[in-house]
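A.B. asks: Provided herewith is a single structure, encoded as structure tokens, for subsequent inquiry.
As structure tokens, then:
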């Protein structure tokens, strides 16, 4: 509900009552005219239904506020069978993990992941539909950025050092900090440096406008998730966030369009691309089709492409810091590993530094397991009827997904930050249990052809940030440095995110070099 409160807080004067009235009207219309553009799979029972005669509208709105528990109940009851999640906006068919290998590499013409993403993120009403029908950004990140990771280590460290000075408190006393906001700005700076270059990575206005635009995209998407697609044209037209998205895009374009145009002018004069301009933006410019190649289109594509990095990576970093505060017994072993690895490289980050931080990698993976942003993975829209090897028919127009078993279902309850480091001592499992590894038991990043291509860069950035935080700061839930209670996440639908009102406490370590 925090998103609705935020929506009302930021609404133009006089529109708050209209939004409240809209929500009430939408609920009534849902009861009278509920519909979905996604069909169900035959023989798929509905999870979370209290009684066989319960109106499905009640089941849908139970999922709105209790999505995780409904999903858990469905998994416990039907985990080895297909079952349906009745969301307020659609029906989602959950497939058991035995189908993963069969489905993971099917082409977009049969199972489309980008369309499922767009449907969950507001589609044309948020503007994210610009990403459908193309794999431009995906291919650039996978085929260009990931192989170039050694070359971005120095720029990332340079950017991180500057961010640490500006975004974090310079105090040896405990200071209340909004970690989510701090890490969002960290990630915005690091992402901008790699994607666009130093000129904008140090521009505070750029980060503010970009982050606000992404926030409005998320708020638009969440509100539209409350209602069926048939009502999206009405609700979408009345949402104030939709106008703020358009305004935000124009502001971001005011920074990036001139930069793109200047690059093209300079490169036309030189007849080549200068080495300092070999970045993600340049690869997008080079790989864009005629339809995608305008500076305005590339700017919009940037905004919607970095949504995942801004909030997924900053959220994961926040979870790691909270886990360090809750499980302080991990802090000193992590610092010892960091000191040893950095000593081997002369105190500098090199090509192999991140890979040597095995305990840190394990801690990050355990934090992700116990703080997953969603239990859903492998979300796809079925584009043509499929008959699977056991005879199960997936009709065209169905929305299907799988459950991330590392987030829900059958994982251990106790937090053990070095769980995966222990598993990796077996030579056969050295790569299986890395933070970035995916398999049927670890689907947070997806799996197969459309597994998240940015997870490798994200892992590198997270290790750099966590290393800096371990070296320089202590973290606590209480201003005394002892005790306190971990801030609880907000769960809405199948999502979980940090409460923007929560704070933790940081202070600089008295000894920053050891």
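In our numbering, the protein residues as written are -14 to 499. Here a beta-carbon is modelled for each residue, glycine too, at the ideal position from N, C-alpha and C. Computed from a prediction, not measured in an experiment: that's the story for all the values here.
(1) Closer than 8 Å by C-beta to residue 162: which residues in its own chain qualify, once you throw out the five before and the five after it? Chain order, please.
(2) For residue 119 and residue 130, I'd like the C-alpha separation in whole angstroms.
(3) Could you tell me if residue 34 is buried or exposed, where buried requires 16 or more neighbouring beta carbons within 10 angstroms of its beta carbon?
(4) Look at the alpha carbon of residue 65 and the alpha carbon of residue 29, and state the distance between them as a whole number of angstroms.
(5) Just list the residues that DSSP pairs residue 361 with in beta bridges.
(6) Hey, would you say residue 445 sits closer than 7 Å to residue 339, going by beta carbons?
(7) Relative to the C-alpha of residue 261, which candidate in 369, 345, 31, 178 has its C-alpha closest?
(8) How do the segment 168 to 175 and the segment 140 to 150 stand: do at least 3 beta-carbon pairs fall below 8 Å, yes or no?
(9) Just verifying my parser: in three-state terms, what is the DSSP assignment at residue 484?
(10) In the DSSP assignment, the alpha helix (DSSP H) including residue 339 goes from what residue to what residue?
(11) Could you check if residue 90 is buried or exposed, using at least 16 other CB atoms within 10 Å of its CB as the buried criterion?
(12) Among 300, 223, 288, 306, whose alpha-carbon lies nearest the alpha-carbon of residue 114?
(13) 7 Å is my cut-off, CB to CB: does residue 134 come that close to chain D?
(14) Quick check for students: name the residue ranges of the beta strand (DSSP E) that lie wholly in the segment 408 to 496, counting only runs of 3 or more.
(15) For residue 242, which residues of its own chain have a beta-carbon under 8 Å away from its beta-carbon, when the five flanking residues on both sides are left out?
(16) Could you say which of 25, 56, 48, 46 lies nearest to residue 389 if we only look at CA atoms?
(17) Of the residues 211, 166, 88, which one's Cα is nearest the Cα of residue 45?
(18) Please classify residue 135 as buried or exposed, where buried requires at least 16 neighbouring CB atoms within 10 angstroms.
(19) Check this for me: beta carbons of residue 357 and residue 392, under 7 Å apart or not?
(20) Using a Cβ-Cβ cutoff of less than 6 Å, which residues in the same chain neighbour residue 274 once the five nearest sequence positions on both sides are dropped?
(21) Select from 141, 236, 294 the residue whose C-alpha is nearest the C-alpha of residue 122.
(22) For a test of your reading of the model: does the CB of residue 206 fall under 6 Å from any non-hydrogen atom of the ligand ADP? Yes or no.
(23) Just curious, the alpha helix (DSSP H) that residue 193 is in, first and last residue?
(24) How would you call residue 402, buried or exposed, if buried means at least 16 neighbouring beta carbons within 10 angstroms?
(25) In chain order, what are the residue ranges of uninterrupted beta strand (DSSP E) at least 3 long that sit wholly in the segment 127 to 186?
(26) Please confirm whether residue 307 and residue 471 have their CB atoms less than 7 Å apart.
(27) Taking 7 Å as the cut-off, decide whether the C-beta atoms of residue 112 and residue 230 are in contact.
(28) Could you give the DSSP three-state label for residue 366: helix, strand or coil?
(29) Along the chain, where does the beta strand (DSSP E) that runs through residue 291 open and close?
(30) For residue 298, name the three-state secondary structure that DSSP assigns.
(31) Looking only at DSSP bridge pairs, what is residue 69 linked to?
(32) Skipping 5 residues on each side, what residues in its chain have a beta carbon closer than 6 Å to that of residue 485?
(33) Give the secondary structure of residue 257 by DSSP, where H, G and I count as helix, E and B as strand, and everything else as coil.
(34) Can you list, in chain order, the residues of its chain whose CB lies under 7 Å from that of residue 137, leaving out five sequence neighbours each side?
(35) Would you tell me roughly how many angstroms separate the C-alpha atoms of residue 479 and residue 360, rounded to the nearest one?
(36) When DSSP labels each residue in this structure, what does residue 97 get in the three-state scheme?
C.D. replies: Once the coordinates are examined:
(1) 153, 154, 488, 489, 490, 491
(2) 18 Å
(3) buried
(4) 12 Å
(5) 388
(6) yes
(7) 178
(8) yes
(9) coil
(10) 338 to 341
(11) exposed
(12) 288
(13) Here there is only one protein chain, and chain D is not present.
(14) 458 to 461, 474 to 477, 480 to 483, 489 to 493
(15) 280, 281, 284
(16) 56
(17) 211
(18) exposed
(19) yes
(20) none
(21) 294
(22) The model on display carries no ligand, and the ligand ADP is accordingly not part of it.
(23) 189 to 210
(24) buried
(25) 160 to 162
(26) yes
(27) yes
(28) strand
(29) Residue 291 -> no beta strand (DSSP E), and no H or E assigned at all.
(30) helix
(31) 31, 78
(32) none
(33) coil
(34) 179
(35) 7 Å
(36) strand
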